[in-house]
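Trainee:
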Amino acid sequence: MEVSGVRRTQQRTNAGSAIEPSAEGAGIFTENPVRTLMTRHVLVPMDDSEPARAAFEHALTIYPESEITVVHVVDDLETGYAGESAPADADEAEPEFFTEVRELATTRDHSVKTVVIEGTSAEAILEFADEEEADQIVMGSAGRSGVSRMLLGSIAEGVARRSTIPVTIVPRAVTAHGDSNSTERQ
Numbered sequence: 686m687e688v689s690g691v692r693r694t695q696q697r698t699n700a701g702s703a704i705e706p707s708a709e710g711a712g713i714f715t716e717n718p719v720r721t722l723m724t725r726h727v728l729v730p731m732d733d734s735e736p737a738r739a740a741f742e743h744a745l746t747i748y749p750e751s752e753i754t755v756v757h758v759v760d761d762l763e764t765g766y767a768g769e770s771a772p773a774d775a776d777e778a779e780p781e782f783f784t785e786v787r788e789l790a791t792t793r794d795h796s797v798k799t800v801v802i803e804g805t806s807a808e809a810i811l812e813f814a815d816e817e818e819a820d821q822i823v824m825g826s827a828g829r830s831g832v833s834r835m836l837l838g839s840i841a842e843g844v845a846r847r848s849t850i851p852v853t854i855v856p857r858a859v860t861a862h863g864d865s866n867s868t869e870r871q
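Written as structure tokens, this is what we have:
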């Protein structure tokens, strides 16, 4: 049952003054007739960067009851194994930051699933989200602009534009609580 903080409206009677209205009906919470979408599974694509960490912290804060999967994409183009299989140990290599991810989750009484996948970043993230039936993607953005963005593109932008599920992009200078970590933006 979903409970809403909306009070029932009542007509004014002589039972109270303008300063002290009648207690009858005041503060009564009623069932919300609109069902809220429950986010069951959140996917957090990560690399070893501050924007990715901010996105992970945001996911832990906003979705404390949801299953969270942290995925690291080993890009085919970076490894040089595009079109062919990478060596077996490349698939099994776990990034060092996964240890930090699990430790942070533990401090928040949360557990996370960590996965390494291979592919071209945006495509691999979207395919994995679909396979895992994720309800939400939360990811960081380095906030590139100008020529850097034109030449390098933005994985976060590519995911957001082509995703069929909601995507939250957490800016690099914002913490999970919306506070700015820095007064400087590039």
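Each residue of the sequence shown is one higher than the one before, counting from 686 in the numbering used here. Glycine is no exception: its CB is placed at the ideal position from the N, C-alpha and C atoms.
1. If V727 sits next to D820, beta carbons under 8 Å apart, how far is it from one beta carbon to the other, in whole angstroms?
2. Determine the DSSP secondary structure at E803, reduced to helix, strand or coil.
3. At the level of alpha carbons, what is the spacing between V786 and E742?
4. Is R738 buried or exposed, if buried means 16 or more other CB atoms sit within 10 Å of its CB?
5. Hey, which unbroken runs of the alpha helix (DSSP H) at 4 residues or more fall wholly within the region 728–768?
6. If you count every other CB in all the chains shown that lies within 10 Å of the CB of V855, and 16 or more means buried, which is it?
7. For T792, which three-state DSSP category applies?
8. In the structure shown, what three-state DSSP assignment does T784 receive?
9. Please state whether DSSP places I854 in a helix, a strand or coil.
Mentor: The short version:
1. 7 Å
2. strand
3. 9 Å
4. buried
5. 735–747 and 761–764
6. buried
7. helix
8. helix
9. strand
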